[in-house]
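Sequential numbering from 152 applies to the sequence shown in this note's numbering.
Quick notes on the structure that follows.
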Amino acid sequence: MAATYDFPSDLLAGQEELHQVRAELLDLLKRLPWSVEPLDGFSDDTSWRRIERPASPGWSPDEQAEVEKLRARERELAVFVTCHRFWTEITAPQKVDARMTLKHSAAPPPQPPP
């Protein structure tokens, strides 16, 4: 039976926001062109699998700023969650289980593939 942990509300909120920011970043990156800079398309069939990319118009300055803003917030939240004072109260053998419990307690439901 898995142990239960009394996570502080700010740690739970930080983990939940981290999930939200990562989901938002992933969604944004899926919508953006494959290359940050404008590049020509290419096709390579000399390796074990064919690789093709259409021409990329690149990312606009606004898109680049949005990605950087989300990545910066993701880093802030990751540091907050991993360095939270709660982890000093947990014994070393329990930390992995507690961390996995926290990650899954606030995890969004899995998205079906497009």
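Yeah, the Cβ is synthetic: ideal placement off N, Cα and C, and Gly gets one too.
Keep in mind that this is a model prediction, so the values were computed, not measured.
Boundaries (first-last residue) of the beta strand (DSSP E) holding residue i
i: phenylalanine 270; result: For residue 270 there is no data in the structure shown, the boundaries of the chain being 152 and 265.
Alpha carbon of residue i to alpha carbon of residue j, nearest angstrom
i: alanine 120; j: aspartate 178; result: With the chain represented from 152 up to 265, any question about residue 120 goes unanswered, as that position is not in the structure.
i: valine 230; j: arginine 173; result: 14 Å
i: glutamate 203; j: valine 218; result: 24 Å
i: threonine 242; j: lysine 220; result: 35 Å
Cβ pair residue i, residue j closer than 8 Å
i: leucine 228; j: leucine 162; result: no
i: proline 189; j: proline 205; result: no
i: leucine 176; j: arginine 226; result: no
i: valine 232; j: glutamine 166; result: yes
Option nearest residue i by Cα separation, candidates the options
i: glutamate 214; options: Leu180, Asp191 and Gln245; result: Leu180
Residue i: first and last residue of the uninterrupted alpha helix (DSSP H) it sits in
i: glutamate 203; result: That residue, glutamate 203, is in no alpha helix (DSSP H); its beta strand (DSSP E) goes 202-204.
Residue i Cβ short of 7 Å to the ligand FAD heavy atom set
i: isoleucine 241; result: Although the ligand FAD was asked about, the structure shown includes no ligands whatsoever.
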